Amino acid sequence: MANTKPDNTVDYQAFSPFKPFEPPTPPEKSPLPYVFTFCVCMITWLVLSGKFDFFHIALGIVSSAIVTATSGDMLLKARRIAGLPGAWLRFIAYVPWLLFEIFRANMHVMRLVFHPRMMDLIDPRMIRFQTRLDNEMARFIFANSITLTPGTITVYVSILGKYTVHAIDRASGQGLPGEMEDRVGAIVGE
Amino acid sequence: MSVLDIVATAMIAMGLFFFLGGAIGILRFPDFYSRLHPAGKLDTMGQFAAMIGMAIYLLNDLSLGSVLTALKILLIVVFVFITSPTATHAIVDAGVRAGLAPWTKESREGRR
Amino acid sequence: MQSIFLYAGVFLACIMVLSLYRAVFGPTVLDRLIGVNAIGSKTTTLLILIGLIYERVDMFVDIALAYATLNFIAVLAASRYFQKKKGLYDEAEGR
Amino acid sequence: MRAFALITVLMVGGLLFYGLPDFPDWGDPASPASTHLSPFYIEQGAADTHAPNVVTAVLAYYRGYDTMFEAAVIFSAGLACFFLLRTFRQKSIETRLYRHLPTGVTLRIEEGGKTPEGSDEFEPIDSHWVPYDMIINLTCRLIVPFVQLFALYVIAHGHYSPGGGFQGGVLFGAAIILYAISTDLRTAFKRLQEKAVMLLSALGVLIYAGTGVVCLVLGGNFLDYSFLAGILGVDAVMARSHGILIIEIGVGLAVMAVMVMLYYNLSSAGRHDEGL
Amino acid sequence: MIWPVDLIIMLLVMICGIGAIMVRDLLGAAILFGAYSFLMCLVYAIMGAVDVAFTEASVGAGVSAVFFVAAVFHTSRRTKD
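If you read the protein sequences in the order shown, they are chains A, B, C, D and E.
Heads up, the first sequence is in my numbering, so the first residue is -7 and it goes up one at a time.
Heads up, the second sequence is in my numbering, so the first residue is 19 and it goes up one at a time.
Heads up, the third sequence is in my numbering, so the first residue is 10 and it goes up one at a time.
Heads up, the fourth sequence is in my numbering, so the first residue is 668 and it goes up one at a time.
Heads up, the fifth sequence is in my numbering, so the first residue is 4 and it goes up one at a time.
If you want it as structure tokens, here you go:
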């Protein structure tokens, strides 16, 4: 039946070092996320629209207001406002390095694809490691960077920051977490 | 042909090369997990290169409309860079949860 | 330049045949999903190429943007089927 | 039975191929369709409605009556899905599972199946629940506002670029569906309730038909937007353009609400618990 | 109309449609139908019917695929014939 649990190779409920219970902090009532969402939406609208007469800009203001009212608290949580501009600048500085790494990764996978004895070169394996990043956004950037770079795919990130990664060969899995974690940690200032 | 045309052609050719690698990789690799590597990385890179090439080609005539269209293409690129790793992650997570056994070197040598 | 775009489009359409092989003959459903995802990413590029061939990119770029979004939604929904702990194979096949 | 089906399909297909040569050629300028009607639309469309996209002018102005019933058909499809699938009776639940929100631990509470008094740290989950996935969740939070904005752009710019009320409505609905997929159905209900969805779908069709009725009251034909000029304070051509925008908004609302309603009912089989 | 691209895409549409009928697994058929919608959108775009292509992309490829998967999720994955 469908109820039978499949034998997973990953332990999904790994809550090993159990954190002491902290009551959830109520979200601060701050208008900043809404203002931020409105501004981003307005800029995006101007790029999309390409018409700068009064009528279309008024439509853009109405549309941005609708989006802000329905999903204004999605882009940013109120707690994470502190240190925001610096984080953005550091993220922009991180992107070129990431692009270079992606290019190298693609060359690596490309060599595997066109290699005639490909089956001997690859050696797929699962790797587990614990990250020291504490910020959710940083973990997200780290996970997606892992997926985009040499021969590795993020399979699962547990709540406590335990990463499960599928690596295509031995060499590509060894570098983790390594330099990338330091660079991602530098974005959020850890 | 201007310089921008040559750069755009080179970028599009690179993108097509990556796309070709991705398609062949999806065919050649032995199991589901390793097939995701070319599908997740090479396709993203191919899309990135080809779209940047086309955006560069659009900058040949510097009018407001063409610049905005190039910006829209850049918006697609940003979108792809956020969504493509997530789609790859969703597929591989589904595979693990469904209980698909990964192909390893030991399993192949054990079969010999 | 138009002929270059035309050749690129033909080449891309030929590559899509390879991805479609995985989508039609894939051994498991997840392999089909990979194939369809690959087809979607190639189609997004091909749409803008067609726009460049017709010299009306501003028309086609909207479709490409919508396309990139909806491809992601379809893949996410299909993978969510397995994340709800349903098995990979058919229940009736008894595997 | 299969042989009969095959023979039927082959016969019908053969008849269709037999009738194929009678059609005019692809893009034939002398064909009946492109001798009288199409030139009129192409020549008059931009002058009449101030909309360079001829398709929008034809759909929303010249053939507005057709489009109104298309919206009505979609609305009735949503209603049919609601009446067929929605179940209000609570089934007896064999296991009650709860998620402790601060830690994410799943609990089973025995004694009467009730959470502790005055606590809002627990949420009920299904027996087949999906664990919290940070990557999918964050991605959807990042892209949902942009998809919504893009949908509104498609609705508002139907005059100039491809798209219109139908496509924009589907995109807006897809954004909400994406949010419901990434979290679960109960979280989506907090943003868009079922009653709101029902009201919005009816409101969309009402806006469309109401515009026509307003035109009728002002002395024109049904859906002849040039008579709205007195209300909107512009000349007749701009009034037609604004009228097209108004009914696009109506179609968009109806389609968006119906798509979300279909998803709510289909993904949870009418129980509205956790969904896909 | 660009006939070389159009020809290849038409061929792909045919393969994809036949595959969607022949596959025994209904979830696979739903996924293949999504690919069919992608390719039909391309055909419309090549023919110059931009609005129809947009409708096909939004309805056929995105939302209806989600609906099919949801329907298969709550019923059976096996065809009767």
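Even for Gly, the Cβ is constructed at its ideal location relative to N, Cα and C.
From a predicted model like this one, the values you see are computed outputs, not experimental measurements.
Within chain E, the residues that residue i reaches when beta carbons sit closer than 9 angstroms
i: residue 841(D); result: 61, 65, 66 and 69
Residue i versus residue j: straight-line alpha-carbon distance, rounded
i: residue 774(D); j: residue 798(D); result: 13 angstroms
i: residue 117(B); j: residue 66(B); result: 33 angstroms
i: residue 6(C); j: residue 20(E); result: Any property of residue 6(C) remains undetermined from this structure, which presents chain C solely from 10 to 104.
i: residue 859(D); j: residue 852(D); result: 10 angstroms
i: residue 98(A); j: residue 82(C); result: 25 angstroms
i: residue 173(A); j: residue 123(A); result: 8 angstroms
i: residue 68(E); j: residue 36(A); result: 28 angstroms
i: residue 50(B); j: residue 43(C); result: 9 angstroms
i: residue 801(D); j: residue 149(A); result: 7 angstroms
i: residue 22(B); j: residue 11(C); result: 15 angstroms
i: residue 38(A); j: residue 62(A); result: 20 angstroms
i: residue 35(B); j: residue 64(B); result: 7 angstroms
i: residue 95(A); j: residue 675(D); result: 55 angstroms
i: residue 13(C); j: residue 30(C); result: 27 angstroms
i: residue 24(B); j: residue 819(D); result: 37 angstroms
i: residue 108(A); j: residue 162(A); result: 19 angstroms
i: residue 49(A); j: residue 719(D); result: 19 angstroms
Supposed contact pair residue j and residue i - C-beta distance, whole angstroms, cut 8 angstroms
i: residue 54(C); j: residue 21(C); result: 6 angstroms
i: residue 943(D); j: residue 752(D); result: Incorrect: roughly 14 angstroms between the Cβ atoms, too far for contact.
i: residue 68(B); j: residue 40(B); result: Between residue 40(B) and residue 68(B) the Cβ distance is about 12 angstroms, and since that is not below 8 angstroms, they are no contact.
i: residue 61(C); j: residue 72(B); result: 6 angstroms
i: residue 79(C); j: residue 65(E); result: 3 angstroms
i: residue 77(B); j: residue 84(B); result: 7 angstroms
i: residue 15(E); j: residue 42(E); result: 5 angstroms
i: residue 38(C); j: residue 28(E); result: 6 angstroms
i: residue 822(D); j: residue 916(D); result: 6 angstroms
i: residue 168(A); j: residue 144(A); result: 7 angstroms
Within chain C, the residues that residue i reaches when beta carbons sit closer than 8 angstroms
i: residue 25(B); result: Per Cβ cutoff of 8 angstroms: no residues; residue 25(B) is ~12 angstroms from chain C at best.
i: residue 890(D); result: Near residue 890(D) there are no residues of chain C at all, since even the closest Cβ is about 27 angstroms away, more than 8 angstroms.
i: residue 87(B); result: 66, 67 and 70
i: residue 918(D); result: Those within 8 angstroms of residue 918(D) in chain C number zero; the least Cβ separation is about 17 angstroms.
Boundaries (first-last residue) of the beta strand (DSSP E) holding residue i
i: residue 144(A); result: 144 to 149
i: residue 119(A); result: 117 to 122
i: residue 774(D); result: 773 to 775
i: residue 885(D); result: No beta strand (DSSP E) holds residue 885(D); DSSP gives it neither H nor E.
i: residue 156(A); result: 154 to 159
Neighbour list for residue i in chain B, Cβ cutoff strictly below 7 angstroms
i: residue 92(C); result: 111, 112 and 115
i: residue 81(C); result: 101 and 105
i: residue 31(C); result: 44 and 45
i: residue 28(C); result: 41 and 44
Unbroken alpha helix (DSSP H) run spanning residue i, endpoints
i: residue 55(B); result: 50 to 55
i: residue 767(D); result: Element bounds for residue 767(D): not the alpha helix (DSSP H) but the beta strand (DSSP E), 764 to 767.
i: residue 801(D); result: 801 to 823
i: residue 693(D); result: No alpha helix (DSSP H) holds residue 693(D); DSSP gives it neither H nor E.
i: residue 668(D); result: Careful: residue 668(D) lies outside any alpha helix (DSSP H) and carries neither H nor E.
i: residue 729(D); result: Run containing residue 729(D): none; DSSP gives neither H nor E here.
i: residue 30(B); result: 21 to 46
i: residue 6(E); result: 6 to 25
i: residue 53(C); result: 38 to 63
Contacts that residue i makes with chain D (C-beta to C-beta distance below 7 angstroms)
i: residue 53(E); result: 829
i: residue 58(E); result: 833 and 834
i: residue 108(B); result: 803
Under 8 angstroms from the C-beta of residue i: neighbouring residues of chain D
i: residue 128(A); result: 801 and 805
i: residue 74(E); result: 933
Neighbour list for residue i in chain E, Cβ cutoff strictly below 8 angstroms
i: residue 70(C); result: Here the premise fails: no neighbours, minimum Cβ distance about 11 angstroms.
i: residue 48(C); result: 38, 41 and 42
Contact set between residue i and chain A, taken where Cβ atoms lie within less than 9 angstroms
i: residue 91(B); result: Ordered by position in chain A, no residue passes the 9 angstroms Cβ test against residue 91(B), which lies about 11 angstroms from the chain.
Residue i: contacting residues in chain A (beta-carbon distance under 8 angstroms)
i: residue 837(D); result: The contacting residues do not exist; residue 837(D) stays about 17 angstroms from chain A at best.
Residue i: contacting residues in chain B (beta-carbon distance under 9 angstroms)
i: residue 53(C); result: 65, 69, 94 and 98
Proximal residues of chain D, C-beta to C-beta of residue i below 9 angstroms
i: residue 73(C); result: Correct list: empty, because the minimum Cβ distance to chain D is about 11 angstroms.
Chain-ordered chain C contacts of residue i [CB-CB under 9 angstroms]
i: residue 8(E); result: 15, 18, 19, 21, 22, 55, 58, 59 and 62
i: residue 792(D); result: Ordered by position in chain C, no residue passes the 9 angstroms Cβ test against residue 792(D), which lies about 12 angstroms from the chain.
Interface residues of chain E facing residue i [CB-CB closer than 7 angstroms]
i: residue 77(C); result: In chain order: nothing, as chain E lies at least about 10 angstroms away.
Amino acids of chain A, ordered along the chain, whose beta-carbon sits closer than 7 angstroms to that of residue i
i: residue 51(B); result: 116 and 158
Any non-hydrogen atom of the ligand PLP within 7 angstroms of residue i CB
i: residue 116(A); result: Absence of the ligand PLP is noted for the structure shown, with no ligands found whatsoever.
(request) Starting from the N-terminal side, write out each stretch of the alpha helix (DSSP H) that is 4 residues or longer and does not extend beyond the segment 26 to 76 of chain A. (result) Correct list: 46 to 63.
(message) Runs of 4 residues minimum, wholly inside the segment 873 to 919 of chain D: which ones carry the alpha helix (DSSP H) assignment?
(response) 896 to 899, all fully within the segment 873 to 919 of chain D.
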